[in-house]
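Our numbering puts the first residue of the sequence shown at 306, with every later residue one more than the last. Right, one structure below, let's go through it.
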Amino acid sequence: MKRLLIMLFAGLVLAGCATSGQDPLAPKTANSVNLKRYQGTWYELARLPMYFQRDCAQSEAHYTLKPDGNVAVLNRCLTAQWQWEEVKGTAYPQVPGKTDKLWVEFDTWFSRLIPGVAKGEYWVLYVSDDYKTAIVGDPSRRYLWLLSRTPTVNGVVREELLSKARQQGYDTTRLIWRASDTQMAKTSN
C-alpha cells in the first residue's frame, strides 16, 4: 500500500506540472458536468496509465458529492494477485463554478505535509447524456481513462469512446484494457 501511495504521489506531481492555461491545442472538455449525476461508481474500461497503475488489472473509482460542492474520491485497483489497493482523495474545480476541469488531490503523507503540491488534472472530456460512459484525460494527453458504469460495454459503445478519444488527439493504440473476470480467474490458478 505504501508503494502505491508513493507512486500515486509521483504520478500526481508529474500531472500537476502540466499547464492548465488556455492552450488552444488542449483537448476540449465536456463544458459542464453535473457532479450530482457524475457521482457513484465508475469502472475503468481502458487507460493510458499513470505509473502507480502499472500493476492494476481492474480499476474503479467511487465519487461522492460533498456538502461543500467538492467530490470525495476513492480509487480502487485490483492487482493480478487479487489484492485490492486503494487511495482516497478530493476533487475540486480548477475554476470555481466550472465542473469539467478538476484538480484531484489524494490523501497521502506527502499531501498532508505540503498541501496543494500533489494534485493532478482531471479533465472530463466527454460524458454521455445518460451519465453511463465518460472519457477523462489530462491536457498533456499522456493520461486517459475510458469509464463506464458497468465493467464492460458492447462493441458499438467501445468504438464510440475510442473515436471520441482519437478525435481529441489521444493515442488509443497504447490503451491498456481492463482484465476480464475470466482473465483474472486464469491468473489466480
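Cβ coordinates follow ideal geometry from the N, Cα and C atoms, glycine included. Here the structure is a predicted model, which is why all the values come from computation and not from measurement.
How should residue i be labelled, buried or exposed, when 16 other C-beta atoms within 10 angstroms of its C-beta is the threshold for buried?
i	result
Lys333	exposed
Thr455	exposed
Val429	buried
Gly474	exposed
Phe314	Confidence in Phe314 is poor, its pLDDT being 40 and thus under 50, which makes the residue's placement unreliable; the coordinate value appears in the next sentence. Buried, because 16 or more other Cβ atoms sit within 10 Å of the Cβ of Phe314.
Glu390	buried
Glu464	exposed
Using 8 Å as the threshold, is the C-beta distance between residue i and residue j below it?
i	j	result
Leu379	Arg483	no
Tyr368	Tyr348	no
Cys361	Thr346	no
Trp477	Leu467	As written in the sequence, residue 477 is Thr, which differs from the Trp given in the question. Against a cut-off of 8 Å, the Cβ pair of Leu467 and Thr477 comes out as a contact.
Leu452	Val441	yes
Lys393	Trp408	no
Ser337	Thr404	yes
Ala335	Pro444	no
Can you give me the C-alpha to C-alpha distance between residue i and residue j, rounded to a whole angstrom?
i	j	result
Arg479	Leu353	7 Å
Pro372	Gln388	32 Å
Tyr448	Gln472	15 Å
Lys406	Tyr431	11 Å
Glu410	Ala366	14 Å
Ala396	Asn459	30 Å
Ile481	Gly402	33 Å
Lys341	Val376	9 Å
Gln386	Asp486	13 Å
Gln363	Ala470	20 Å
Pro398	Asp434	21 Å
So the alpha helix (DSSP H) residue i belongs to, where does it begin and stop?
i	result
Gly460	Gly460 to Gln472
Leu340	Leu340 to Tyr343
Can you name the start and end residues of the beta strand (DSSP E) that residue i belongs to?
i	result
Lys424	Lys424 to Val432
Ala439	Thr438 to Gly442
Leu452	Leu449 to Ser453
Unbroken beta strand (DSSP E) runs of length 3 or more, entirely within the stretch 345 to 408: which are they?
345 to 353, 361 to 370, 376 to 384 and 389 to 400
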